[in-house]
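Numbering (full-length UniProt numbering), first residue to last: 6 to 153. Glycine residues also receive a C-beta, built at the ideal position from the N, C-alpha and C atoms. These notes concern the structure reproduced below.
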Ligand code: DQA
């Protein structure tokens, strides 16, 4: 299996950015933890953060050519704005799990709509950095079940 983890705008600031909403873990710490877990299973995992919508879209398109098995994505603010990134995920048809550190349903009304959730296999929100690990574990369980 080959997993792609995508992080949208401002998530490069994790650790210092509004820690009450987003916690104290840095993106580097989260990525290292995911990498360790995936490697333990002999899986390939690549992470990319971008503040630019077109880079995220290009990366999703490339993922199809590279045979990525699953995507874990925190689209960050693009969650609430990006039809284009949604369309990219719909186009490649790679199954994905949507992750949010904060509970977007308990925040401002504009955060409560996601352009991704109806296409996602599942959504994790409000559990902080654990959400990424829960998503990765869910993928592991699903792939194991399908192969047995
Ligand atoms: C976020 C929630 C979004 O509303 C926000 O714009 C983010 C991060 C989260 O992980 O909680 O940047 O996706």
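Rank 132, 73, 42, 83 by C-alpha distance to the C-alpha of residue 25 and give the top, closest one. Counting from 1 along the chain shown, the entry for residue 25 is found at position 20. The shortest Cα separation from residue 25 among 132, 73, 42, 83 belongs to 132.
Residue 59 versus residue 83: straight-line alpha-carbon distance, rounded: Indexing the chain shown from 1 puts residue 59 at position 54. Indexing the chain shown from 1 puts residue 83 at position 78. Cα to Cα, residue 59 sits roughly 11 Å from residue 83.
Give the range of the beta strand (DSSP E) segment to which residue 148 is assigned. Numbered from 1 along the chain shown, position 143 holds the residue referred to as residue 148. Note, residue 148: premise wrong, no beta strand (DSSP E); alpha helix (DSSP H) at 135 to 152.
Applying the 10 Å Cβ sphere with the 16-neighbour rule, what's the burial state of residue 115? Here residue 115 corresponds to residue number 110 of the chain shown, with the count starting at 1. Residue 115 should be labelled exposed.
Length of the line joining the Cα atoms of residue 20 and residue 70: If you number the chain shown from 1, residue 20 lands on position 15. If you number the chain shown from 1, residue 70 lands on position 65. Cα to Cα, residue 20 sits roughly 33 Å from residue 70.
Since residue 136 contacts residue 61 with CB under 8 Å, what's their CB separation in whole angstroms? Stepping through the chain shown from its first residue, residue 136 is reached at position 131. Stepping through the chain shown from its first residue, residue 61 is reached at position 56. Contact between residue 136 and residue 61 is ruled out by a C-beta separation of about 18 Å, above the 8 Å threshold.
DSSP on residue 104, reduced to helix/strand/coil? For the purposes of this step, residue 104 is taken as the residue at position 99 of the chain shown. Residue 104 falls in the strand class under three-state DSSP.
Anticipated Cβ contact below 8 Å, residue 50 with residue 99, distance rounded: Residue 50 sits at position 45 when you count from the first residue of the chain shown. Residue 99 sits at position 94 when you count from the first residue of the chain shown. Wrong, their Cβ atoms sit about 14 Å apart, outside the cutoff.
Start-to-end residues for the beta strand (DSSP E) that takes in residue 71: Taking the chain shown and counting its residues from 1, the one referred to as residue 71 is at position 66. Premise fails: residue 71 lies in the alpha helix (DSSP H), 58 to 71, not in any beta strand (DSSP E).
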